[in-house]
Amino acid sequence: MIKKLKELFYIKKEYCRDSYGIVVKKHIIICICGTKLKIKQNFSEEYKSLYEMFKNINIINNINNDNFIYNLILQYQEPTLFYLKNNSQVYIFTKEFLKQDKDFIYNYLLNTRDSLKYKQIKFLDENHPLYNEHITLSKQGEFCWKYVRKHNGIFKTSLYKENDNIYFKYDFLGLENAIFNDTFTWGNPKPRKYVKGTNLFNIIVSLDEAGQYEIIKKFFDWLFEEFKTDDENYLSQNLADCHFKNFIVADDGKFYFTDYEYASKVPLEKGYLVYYTLSCFKSKFHNENNKMYKYFISLYGLKDKIKTYKNMKLKRLEEFKIKEKDKIKKELANKDLISKYF
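Using the numbering used here, the first residue of the sequence shown is number 356, and each one after it goes up by one.
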C-alpha cells in the first residue's frame with residue numbers, strides 16, 4: 356500500500372510530540388496538488404476507501420495553482436467535522452457528507468472566482484464552541500451547515516438525509532432583530548432536494564467561445580420558463596441573487612437554482628435579470644467591448660435599457676448597506692448570536 360501511494364502522491368513522515376517532547380503519534384502526509392491529507396500510518400480498509408475518494412476529488416480544474424491555496428487536513432477519528440470560514444460565511448460539514456458527494460467542495464464551496472477567498476478548510480476541534488452543537492445535529496441526520504451573515508442576522512442552510520435523499524433546509528437566525536430594506540427580505544424557502552452536479556460558472560469558463568454561447572443561451576431559455584410569472588416581462592422574486600455561480604447543472608443537463616436565502620420585495624424584470632446575471636462577472640461577460648456581452652444584450656433587446664439597469668443595480672446594492680439610523684440597532688441586536696458563529 357505504501358509503495359502504491361508513493362507512486363500517486365508526494366509523501367513525508369510527520370512525528371507528533373507531547374509536552375515532554377516524547378513522540379506519541381506518527382502520521383504520513385500525502386500531498387495532492389497542494390491538498391494535504393493527514394492519515395494514520397496503519398491503513399485500514401476505511402482509510403483506503405477514503406484515499407480513493409479524495410484522490411479523485413476534482414477541485415483544481417480551471418484554477419491557477421500558483422494562486423490557489425487549499426489545505427484540507429483530515430484527522431481520522433470519530434466523529435469528524437470540517438470548518439471553513441471567511442468574513443461573512445461559515446461552512447461546517449462532516450466526513451459522512453463528503454462520502455455522499457465527493458465533488459461537493461468544488462461545486463458548492465469553491466469556484467474559480469472564490470478560490471482565493473476560501474484559504475483553508477480546517478478540522479473542527481472538539482474544544483471549538485460550535486463542535487458539540489453540530490455533533491448533535493449530525494447524529495440527527497444532518498450533514499452540512501452553511502451560515503451567511505446578512506441583514507444583521509444569519510441565513511442558515513442545513514443539509515440532511517431522508518429516505519436516501521438529501522435535502523436543503525433553510526432558517527434565518529435572529530429574524531426578529533433583522534434589518535431589511537424596501538427591496539429585499541428573507542425568502543422563507545421550503546426544503547429542497549439536493550442535486551449532485553457541476554457549478555454552472557465552472558462549466559462556462561471551461562468551454563470554448565462557441566460552447567459558452569450555447570450554454571448561456573440554453574440557461575436563459577430555461578430561466579425564463581422555470582421562473583415565469585403571470586406577467587411575461589417579469590420573473591419570480593426568488594431570483595434576487597441570480598448569477599451563474601448560484602446554479603448547478605445536473606448530470607442530465609438540467610439547471611437548478613441554489614440560492615433561495617432572500618427574495619426581492621419588488622417584481623424582477625426579465626431584462627434586468629439578464630443584465631444582472633452577465634454583469635456579476637465583469638471580466639468574463641460584462642464589458643462594452645465584449646462581443647458575448649453585446650450579443651446577449653442585443654438578442655434580448657436591452658441596449659436602450661442598460662443605463663436604467665445600471666442605476667437599478669447600484670440602488671439595490673446600496674440597499675444592502677445598513678442605513679445610518681440603524682447603526683445602534685446593528686451594534687446591539689443579535690450581537691451574541693453573530694459572535695457565536697463569526
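For every residue, glycine included, the Cβ atom is placed at its ideal position computed from N, Cα and C.
Mind checking Ser493: buried by the 16 CB within 10 Å criterion, or exposed?
Numbered from its first residue, the sequence shown carries residue 493 at position 138. It counts as buried.
Excluding five sequence neighbours on each side, which residues of the same chain lie with their C-beta closer than 7 Å to the C-beta of Lys620?
Locating residue 620 in the sequence shown gives position 265, counting from the first residue. Same-chain partners within the cutoff: Asp537, Thr538, Phe539 and Thr540.
Measure the alpha-carbon distance for Tyr631 versus Phe478 and round it to whole angstroms.
In the sequence shown, residue 631 corresponds to position 276, counting from 1. In the sequence shown, residue 478 corresponds to position 123, counting from 1. Distance between the alpha carbons of Tyr631 and Phe478: 37 Å.
Decide if Glu616 is buried, meaning its Cβ has at least 16 other Cβ atoms within 10 Å, or exposed.
Reading the sequence shown from its first residue, position 261 is the one you call residue 616. Its Cβ being crowded by 16 or more others within 10 Å, Glu616 is buried.
Hey, quick one: how far does the beta strand (DSSP E) through Lys440 stretch, first residue to last?
Position 85 of the sequence shown, counting from 1, holds the residue named residue 440. Here the beta strand (DSSP E) through Lys440 covers Leu436 to Lys440.
In chain order, which continuous runs of the alpha helix (DSSP H) of length 4 or greater are located wholly inside the region 610-660?
625-634 and 646-654
Assess, as a yes-or-no matter, whether the region 653-662 is touched by the region 589-604 under the definition of 3 or more beta carbon pairs within less than 8 Å.
no
Please classify Glu497: does DSSP put it in a helix, a strand, or coil?
To locate residue 497, count along the sequence shown from 1; it is residue 142. It is a strand residue.
Taking C-beta to C-beta, are Ile509 and Tyr502 nearer than 7 Å?
Looking up residue 509 in the sequence shown gives position 154. Looking up residue 502 in the sequence shown gives position 147. It is a contact, given that the beta carbons lie within the stated cut-off.
Beta-carbon proximity check, Asn532 vs Asn689, cutoff 7 Å
Here residue 532 refers to the residue found at position 177 of the sequence shown. Here residue 689 refers to the residue found at position 334 of the sequence shown. Contact flag set, yes.
Is the distance from the Cβ of Trp577 to the Cβ of Phe599 below 7 Å?
If you number the sequence shown from 1, residue 577 lands on position 222. If you number the sequence shown from 1, residue 599 lands on position 244. No, Cβ-Cβ distance for Trp577 and Phe599 is not below 7 Å.
Looking at Val604 and Thr553, is the spacing between their C-beta atoms short of 7 Å?
Looking up residue 553 in the sequence shown gives position 198. Looking up residue 604 in the sequence shown gives position 249. Taking 7 Å as the Cβ cut-off, Thr553 and Val604 qualify as a contacting pair.
Would you call Thr584 buried or exposed, if buried means 16 or more other Cβ atoms sit within 10 Å of its Cβ?
Numbered from its first residue, the sequence shown carries residue 584 at position 229. Burial call: exposed.
Alpha helix (DSSP H) segment containing Gly566, residue limits
Residue 566 sits at position 211 when you count from the first residue of the sequence shown. Start and end: Glu564 to Glu581.
Helix, strand or coil: which one does DSSP assign to Leu672?
Numbered from its first residue, the sequence shown carries residue 672 at position 317. Looking at Leu672 - three-state DSSP - the assignment turns out to be helix.
Residues in its own chain within less than 8 Å of Asp480 by CB, not counting five upstream and five downstream?
Working through the sequence shown from its first residue, we reach residue 480 at position 125. Excluding sequence neighbours, Asp480 sits near Tyr486.
Checking 7 Å against the spacing of the C-beta atoms, do Tyr589 and Lys548 come in under that value?
Stepping through the sequence shown from its first residue, residue 589 is reached at position 234. Stepping through the sequence shown from its first residue, residue 548 is reached at position 193. Cβ distance not < 7 Å, so Tyr589 and Lys548 don't count as in contact.
Any idea what DSSP makes of Lys524, helix, strand or coil?
For the purposes of this step, residue 524 is taken as residue 169 along the sequence shown, with counting starting at 1. Reduced to three states, the DSSP call for Lys524 is strand.
Around the Cβ of Asn397, are there at least 16 other Cβ atoms within 10 angstroms (buried) or fewer (exposed)?
As a first step, residue 397 must be located in the sequence shown, where it is residue number 42. Its pLDDT being 41, under 50, Asn397 is placed unreliably in this model, and the value from its coordinates should be taken loosely. Asn397 comes out exposed.
Of all the beta strand (DSSP E) runs that stay within the bounds of the region 534-563, which reach a length of 3 or more residues?
539-541 and 552-554
So, at 6 Å on beta carbons, what are the nonlocal neighbours of Phe448 in its own chain, with the 5 sequence-adjacent residues on each side left out?
What you label residue 448 is simply residue 93 of the sequence shown in a count that begins at 1. Only Phe437 and Cys499 meet the Cβ criterion.
With burial defined as no fewer than 16 other Cβ atoms inside 10 Å of the residue's Cβ, what is the status of Leu623: buried or exposed?
As a first step, residue 623 is located in the sequence shown; it is residue number 268 there, counting from the start. Label assigned to Leu623: buried.
Using 10 angstroms around the beta-carbon of Asn426, count the other beta-carbons present and answer buried if the total reaches 16, otherwise exposed.
In the sequence shown, the residue the question calls residue 426 occupies position 71. Unreliable placement is indicated for Asn426, whose pLDDT of 33 sits below 50; no coordinate value is reported for it.
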